[in-house]
Every structure is written in C-alpha cells, then in structure tokens.
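**Student:** Residue numbers (the numbering used here): 563 to 801.
Note that CB positions come from ideal geometry on N, CA and C, so glycine has one too.
Computed from a predicted model, the values in this text were never measured in an experiment.
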Amino acid sequence: MGLDYSYSQPSESEDYGGHDSSGTEDREVEDLIRRDQADLNYNYASTVQYPPQPEVEFGFPQTCYCGGRPKLATSRTVNDPDRRYYTCDNVNDGDCHVHKWWDDAVMEEMRARDTHTLQLSEKVDSLTFLNDYDPQLNKLKELQNETEQKLVRLEKVVSELAEKRTRNYYVCKDFKNDGLHIRHDCLTALEEELDCLRSQYAEEVSLRRELQFELAQMREEIKELKQLIMNRDNPNQTD
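1) Would DSSP call TYR763 helix, strand or coil?
2) Can you tell me whether PRO623 is buried or exposed? The criterion is at least 16 other CB atoms within 10 Å of its CB, across all chains shown.
3) Under the DSSP definition of a beta bridge, which residues are partnered with ALA635?
4) Buried or exposed: where does CYS626 fall if 16 or more other Cβ atoms within 10 Å of its Cβ makes it buried?
5) From the DSSP output, read off the bridge partner residues of LYS662.
6) How about CYS628 and HIS659: do their beta carbons lie closer than 8 Å?
7) Is LEU756 closer than 8 Å to GLU717 when the C-beta atoms are compared?
8) Taking only the alpha-carbon atoms, compute the straight-line gap between LYS633 and ASP665 and give it to the nearest angstrom.
9) Please state the DSSP three-state secondary structure of GLN624.
10) To which residues of the same chain is LYS785 closer than 6 Å at the C-beta, ignoring the five residues directly before and after it?
11) Does the beta-carbon distance from GLY630 to CYS650 come in below 8 Å?
12) With the cut-off set at 8 Å, would you say LEU705 and LEU759 are in Cβ contact?
13) Whole angstroms are fine: how far does the CA of ARG781 sit from the CA of ARG811?
14) Give me, in chain order, the residues of the same chain whose beta-carbon lies closer than 7 Å to that of ASN652; leave out the 5 immediate sequence neighbours on both sides.
15) Rounded to the nearest angstrom, what separates TRP663 and GLN789 at their Cα positions?
16) With 16 other CB atoms within 10 Å as the buried threshold, where does ALA667 fall?
17) Suppose you measure from the CA of ASP655 to the CA of ARG596; what does that come to, to the nearest Å?
Now the structure itself:
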C-alpha cells in the first residue's frame, strides 16, 4: 500500500542558468567602481584649485580663502533679510570662500580700536614721570660737579704731601704706643679717600649716562605714540 517516492537533485542549469554567475557579478561591480573613479578624477581635474590661504583675519576681511578680494553683498534670506555680508566672486564654484557678516566685522574692529586706545593710554600714563627725569638729571649733575671738585682738591693735597716726603699720622689724643690706639698715616688715608672719590665719580658718570639714555628712549616712544594717535584720529591722512 505504500507510495513510492522518488527524488532527483536539481541540475545547475535549472537554478543557476547552467553556469556560475558570481564571476560576472564581480566583474560588473569592478566596472562600476572604475567608472565612478573615472568620474571623480574628471570632476576633480575640472575643479579650480586654489592655493592654501590663511583664515579670514580679525575684523574686515581683506583676502578670501581662494586668494580673491572679498566683496559686500546683501542677504535675501528669511532669517537675515537685507543684512550685509562679505562674500567672494567665486562663491559658486563649489569651493570654500569667505562669508562674514558686515556688522560682526564692524564690532570686532570697534573692540580692537577700544583695546588699542586703552593700551596707548596706559603707555602714556606710564611715561608721565618723564618730567621728573630732568630734575633728577640736574641733581645728579650737581653731585657729579661736587665730587669732581673734591677729587681735584684731594689730588692736590696728596701731591703736596708726597712732595714734602714727611709722614704725618692720625692718632688718638690719648695715644700710647701699646697697639690699642689708632695711628694711621695721613698720606695713606688721603690716598684711600681719593680712591673712594674716584669710584664715586665713575658711578655718578655711569648713572647719568644711563638716565640720559632712558630719557632719550622715552622721548622717542612719546613721539611714536603721538604719531599713532594722529594716525588713529586721521586714518585717511597721508604723509
């Protein structure tokens, strides 16, 4: 009573068309990849290549990323109607170009001007003591003249004592030759004093030269600051 079932394996021609299709599919994929790569290479070659440019500078932009000169345009968007902005003539070539709102650039410039003005003011304030330098120099000159006169007088005294070939001493009024009281040769003492005065005179001369140099530098800085302030107040003025 049992039924006789028989099975047969499907042939390659029934399910796979009689051949392996994986190789054909791989070739088709590789061909598509080659076409896409060729299109990319063509598009890249046709794109204008700009040299690298620095970032848009602070304030009003002077140079676009592509190297061109920025221009002002008016926004027609819903969010920023009639708002002025900096753009570039080459903005539609698909590359990166400058886009900066004009009012933002103005605010940056104003803040920069305020900071610069504050720095100039602080610099001028730091130089207000310049008027004190002249009295200091005059006082130092007087001290230098006094030291010079003392030096001349002392050199004369030392010279006279040396010619006399006499030995005078500074001694204590209660002097006893017991080694417990002062006994100092006058000529030696004067020579020591003379050396001290010479050192003092040299230091005063050096200090006066340093003050004169600093004074000249400060006057030059004030001159430059005045010129900067004039240029800031009159930016269109030419020499």
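**Tutor:** Reading off the structure:
1) helix
2) buried
3) TYR647
4) buried
5) TYR648
6) yes
7) yes
8) 14 Å
9) coil
10) none
11) yes
12) no
13) This structure does not reach residue 811, given that the chain is present from 563 up to 801, and the question cannot be answered.
14) CYS628, GLY630, HIS659
15) 32 Å
16) buried
17) 26 Å
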